[in-house]
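The next block holds one structure in the form of structure tokens; read it before the comments.
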Amino acid sequence: MSSITIQNVSKAYGDTKVLHSLNLDIHEGEFVSLLGPSGCGKSTLLFCVAGLEEITDGQILFDGQDIAARNPRDRNIALVFQDYALYPHMSVRENIAFPLRRQKIDAETIHGQVNWAADMLGLTKLLDRSPAELSGGQRQRVAVGRAVVRNPAALLMDEPLSNLDASLRVHMRTEIKRLARELGLTVLFVTHDQEEAMVMSDRIAVLAGGHLQQFADPMTIYRKPSNRFVAEFIGSPTMNMLPDAGHPGAVTLGVRPHDLTLGGSGGFSLDGRLTLIEPAGPHYFLDVEIGGAMIKATASDIDGLAPGAEVTLRAEDHRVYRFDSTSGAAI
Amino acid sequence: MVSTTDLSARPKPHRTSRRRKAGPPLFAYLATLPTLLLVALVVGLPLLYSLWLVLHRTNPITRKTSFAGLENFRIVLENPEFWDAFARTLYFVGFSLVGTTVIGLGMALLLNTAFRGRGIMRSVMLVPWAMAPISVGVLWSFIYAGDFGSLNALLNDLGLSALTMPWLGDGARALNLVALTHVWNQAPLTALMLLAGLQSMPSSLHRAAMLDGAGPVQRFYLITLPWLKPSLLFVSILTIINALMAFDIIWIMTRGGPGQSTTVFAWLGYVTSFQFLRFGEGAAILYILTALSFVAAVIIVLVLGPRRRRAARSVDLPADEKTSLGSHGSNRIRRPYDLPAPAIRPALLSPAVKTWLGRAGFRLGIGMLFIWSAVPVLLLLLMSLTPATDLIKLPASLVPSSVTLDNFKAVLFPDGGTTSTQAKRVPLSLLNSFLVGAISVLIAVSIAPFAGYVFARWPKAKIFQAGLWTMLFTRMTPALTLVLPFFVLFRMAGLLDTRSGLVIAHLSILLPLIAWMMKSTFEGVPKSLDQAAIIDGCSRFQMMVRVLLPVIRPGLVAAGIFGFLVSWNEFLFAMILTSTPDAQTIPVVLAGFLSQARFHEYGPLFAASVLSVLPPVIIAFVFQRYLVQGALSGAVKG
């Protein structure tokens with residue numbers, strides 16, 4: 645396992661810049677997510693680290709060594725692709741053994757290594773099947789097996805869970821995180837799902853438009869977003885924004901629905917008219933109209949409430965975020 | 101335990117419930133009826149007649165016909181000439197298979213790379229295949245011709261007169277050159293199929309292999325080739341059938357000679373039937389040819405076909421989607437082997453040199469592709485613009501003394517200043533070709549889509565499967581088998597030498613072709629669209645006309661363009677079924693130039709050839725997308 649240092653990395657296709665001087669320092673054994681909306685450059689950055697794309701400027705270091713001159717195959721990187729990229733004409737066993745074969749490792753070692761990986765991933769009974777005979781979840785495990793079988797310097801994952809159904813996705817994110825920890829893998833995990841990133845990562849790098857927005861541990865990102873973009877991207881439902889008038893120096897207030905409650909305490913309060921109640925299990929979401937804007941809040945109890953009622957919502961002062969209305973930066 | 105209880109608890113499927121599953125509706129039968137009826141009429145009837153022929157012998161003098169059983173086959177098989185032709189056919193097929201695969205794969209790999217002008221290069225690549233085999237034959241027979249040939253002219257111009265020779269004069273060389281010409285004509289088809297295969301390959305596959313440590317050569321053998329295996333399987337069968345049936349270019353280039361050296365089965369069958377008038381034996385040879393097509397297809401499927409793994413396919417494993425990964429409890433997993441990081445391979449060449457070499461190689465490839473595909477066609481254009489006298493000048497030279505449009509005048513205007521009777525036939529023949537092509541396509545396109553729809557939607561209904569296989573079978577039947585029955589039946593019906601007769605003959609090719617293409621097109625249309633149309637109040641017929649046909653219009657256009665090309669290029673039917681200029685199409689007139697050629701007619705001949713090539717070239721460039729789509733969904737043009 646290696647540490648990965650990304651220094652001032654930029655990437656451009658012709659005149660279009662897709663990565664702007666990024667800096668990330670990823671420790672050995674750390675699980676880092678690259679999070680952002682589609683087109684933000686997260687997959688491009690991943691492919692740059694893998695060597696599948698060339699960087700225009702800057703340096704990528706593995707354990708302090710510049711790897712710019714190395715071919716993808718000399719970087720000892722494993723990548724799990726979004727579509728898994730299993731070799732369709734090879735059996736599961738041949739797929740997992742493929743990287744080891746290319747290193748000309750002796751047959752006995754390969755055999756042992758493949759069996760170890762298969763056992764770890766619950767694939768032992770499937771070793772002689774072809775990828776076409778596997779379910780989506782099984783294919784994904786084969787892809788992981790092919791990646792971890794050879795002790796890579798780092799494991800890169802490009803939205804590996806996006807093709808699984810919802811309940812399996814939730815199951816797999818736990819399993820992958822646990823596996824990464826047990827193997828001590830350095831993982832770079834690309835996703836557009838903020839919840840996935842929150843649950844899995846040691847640290848999250850939020851990207852937008854090729855710029856790094858914030859790089860911190862999940863709860864810091866959730867509780868101390870560095871700007872409005874991060875604040876709105878993280879958390880579900882999205883943070884409420886209460887814009888101030890558009891004069892210079894104006895401040896936009898942000899408050900998360902979970903922090904804004906009916907009948908709660910706190911110094912921050914809003915009055916409005918209830919328009920919709922959405923039961924969500926442990927609590928209810930309320931849609932409240934305040935001065936023409938729709939605000940989402942939560943309530944644990946809605947006894948005697950009906951749409952049309954006038955309500956007062958409250959939040960603790962330190963749960964109310966302030967952003968510069970023009971730059972979006974947190975104040 | 102649980103699963104067994106489950107099984108017993110599940111209600112057993114009732115026999116009646118399965119039977120109640122509705123068969124195809126009446127509409128399905130009505131929709132296929134016209135196509136199947138016409139195919140039965142235009143293909144089935146002639147086939148039956150040829151079956152009668154092969155079982156009978158006619159005394160050429162007394163004209164008495166008697167039942168002969170398998171006698172015709174015995175005579176053919178005992179003829180040593182048959183076995184010589186057999187060997188030559190095998191050689192010819194092997195040559196084309198290797199040639200088209202190697203060259204086609206090269207072209208596909210080149211054109212799969214993104215570069216500026218790729219669209220144009222793809223069109224250029226397609227031209228030799230879009231041309232009529234007759235035009236291909238005319239072009240290459242003049243290139244290889246003895247005294248005035250372009251190849252000799254080029255050698256003269258380069259000062260290499262010592263190397264000039266009558267290229268088609270030597271037996272073995274002639275066979276090779278004819279096979280090479282066939283490869284020139286057919287390689288684009290292979291390239292097209294392989295290109296489609298390459299483009300459906302997910303890019304992540306190569307990226308994954310790259311990260312897994314495979315170099316470019318390893319990736320080609322371990323990833324690309326296995327990926328292409330299904331395409332290769334399909335295209336090999338097609339190539340073999342096309343090579344077995346190759347007739348037109350042999351007719352033009354060598355007529356089986358010199359001696360017997362280019363007499364392959366197709367030619368032997370033709371000569372036996374139409375020159376020696378031994379119809380029974382000719383039919384026998386052609387039946388053997390059909391059998392060979394089948395055998396070849398079976399062999400290819402056995403060699404390249406999907407190999408079933410002996411794995412526990414039958415053993416159904418329990419659903420294990422939510423397996424827990426890792427150590428199942430303990431804290432840290434130990435690898436059984438401590439694999440060292442792989443050694444970094446020292447680079448032989450610097451990245452800059454590698455990039456430069458790669459680019460240079462790629463450009464060289466593109467250049468070669470251009471020379472291979474375009475230069476011969478441009479040569480034809482040059483010759484058509486060369487004064488007729490230059491073409492027969494000795495020593496021959498490629499450089500014309502002047503550039504002239506006289507040759508085109510000669511073939512396009514009634515008083516074009518030529519004494520050539522053949523040249524005067526060109527304008528009418530172009531019109532005939534156009535009319536026959538347009539009318540056959542219109543008929544086929546208005547009938548066949550209905551059948552294609554049914555084949556796509558009820559693939560399991562036995563009756564439609566049978567219809568589909570019959571149509572596929574027509575593809576393996578040499579046109580030569582059908583042409584004699586056509587001739588006899590047309591003579592009875594007074595259809596000989598008419599455009600209507602040719603339209604009927606061409607429908608025997610176009611109907612199965614377009615029905616097949618429409619089947620693959622409809623397979624790509626979601627069934628929910630049919631259901632939506634029915635729910636919204638359409639009858640089945642309205643659903644076709646209002647909803648489905650508009651949806652598949654691109655496929656329809658592709659089928660039409662493709663079918664027109666097939667009809668425009670068709671030679672054998674047109675030659676046998678016409679005898680006067682009234683109904684002759686352009687390939688027949690081109691061939692006529694050669695059989696009654698006087699050397700001053702080379703100019704008009706090349707002008708006519710250029711005109712015959714013009715529609716295919718226009719289609720290749722302007723309608724490339726449709727042509728490719730047509731080729732891929734139909735994949736049946738020879």
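Sequence lines, in order, name chains A and B. Be aware that the first sequence starts at 645, since it is given in the working numbering, and climbs by one per residue. Be aware that the second sequence starts at 101, since it is given in the working numbering, and climbs by one per residue. Every residue gets a Cβ at the ideal spot worked out from N, C-alpha and C, and that includes glycine.
- Residues of chain A with a Cβ closer than 7 Å to the Cβ of residue 216 of chain B do not exist, since the nearest Cβ in that chain sits about 14 Å away.
- Residue 135 of chain B and residue 603 of chain B have their C-alpha atoms spaced approximately 15 Å apart.
- Looking only at B:483, B:553 and B:667, the smallest Cα-Cα distance to residue 250 of chain B is reached by B:483.
- With respect to the C-alpha of residue 864 of chain A, the residue from A:856, A:752 and A:846 having the closest C-alpha is A:846.
- Taking CB atoms only, residue 921 of chain A has no neighbour in chain B less than 9 Å away.
- In this structure, DSSP gives residue 882 of chain A a state outside helix and strand, which the three-state scheme calls coil.
- C-alpha of residue 880 of chain A to C-alpha of residue 834 of chain A: approximately 19 Å in a straight line.
- By the Cβ rule, the stretch 163-175 of chain B does not count as touching the stretch 574-585 of chain B, because fewer than three pairs are nearer than 8 Å.
- The beta carbon of residue 682 of chain A sits closer than 7 Å to those of 836, all from its chain and outside the five residues before and after it, given in chain order.
- Listed along chain A is no residue with a C-beta nearer than 7 Å to that of residue 316 of chain B; the closest approach is about 10 Å.
- Just so you know, the alpha carbons of residue 693 of chain B and residue 607 of chain B end up roughly 27 Å apart.
- Looking only at A:809, A:933, A:697 and A:745, the smallest Cα-Cα distance to residue 793 of chain A is reached by A:745.
- The Cβ of residue 423 of chain B sits closer than 9 Å to at least one Cβ of chain A.
- Counting only the Cα atoms, residue 701 of chain B lies some 9 Å from residue 507 of chain B.
- Counting the other CB atoms within 10 Å of its CB gives residue 631 of chain B a total below 16, which places it among the exposed residues.
- Contact note: residue 873 of chain A does not reach chain B at a C-beta cutoff of 7 Å; the least C-beta distance is about 29 Å.
- In the structure shown, the three-state DSSP call for residue 720 of chain A is coil.
- Contact between the stretch 335-348 of chain B and the stretch 192-203 of chain B is present: three or more C-beta pairs spanning the two stretches fall below 8 Å.
- Between residue 207 of chain B and residue 231 of chain B the beta-carbon gap is near 16 Å, outside 8 Å, which marks them as no contact.
- Within chain B, the residues whose beta carbon sits less than 7 Å from that of residue 716 of chain A are 310 and 311, listed in sequence order.
- For residue 743 of chain A, the chain B residues whose C-beta falls within less than 7 Å of its own C-beta are 312 and 313, listed in chain order.
- Cβ atoms of residue 510 of chain B and residue 704 of chain B come within 8 Å of each other, at about 5 Å.
- Setting aside the 5 residues that flank it on each side, residue 212 of chain B is surrounded in the same chain by 295, 298 and 299, each with a C-beta closer than 8 Å to its C-beta; the list follows chain order.
- Under the 9 Å criterion on CB atoms, residue 304 of chain B is classed as interfacial with respect to chain A.
- DSSP, reduced to helix, strand and coil, places residue 652 of chain A within a strand of the structure shown.
- Apart from sequence neighbours up to five positions away, the residues of its chain that approach residue 500 of chain B with a beta-carbon distance below 8 Å are 482, 485, 486, 487 and 490, ordered along the chain.
- Between residue 658 of chain A and the set A:727, A:649 and A:699, the nearest pair of CA atoms involves A:699.
- Per DSSP, residue 932 of chain A is one residue of the beta strand (DSSP E) stretching across 928-934.
- Residue 560 of chain B is classed as exposed because its beta carbon has fewer than 16 other beta carbons within 10 Å across all chains shown.
- Per DSSP, the unbroken beta strand (DSSP E) holding residue 667 of chain A starts and ends at 660-670.
- Contact between residue 666 of chain A and residue 689 of chain A holds, with the beta-carbon distance rounding to 7 Å and staying under 8 Å.
- Cβ neighbours of residue 530 of chain B within its own chain (closer than 7 Å, five residues either side excluded): 686 and 711.
- If you look at residue 336 of chain B, you'll find it isn't in any beta strand (DSSP E); it sits in the alpha helix (DSSP H) that goes 325-345.
- In the DSSP secondary-structure assignment, residue 166 of chain B is bridged to B:157.
- Residue 716 of chain A is classed as buried because its beta carbon has at least 16 other beta carbons within 10 Å across all chains shown.
- Under the 9 Å criterion on CB atoms, residue 764 of chain A is classed as interfacial with respect to chain B.
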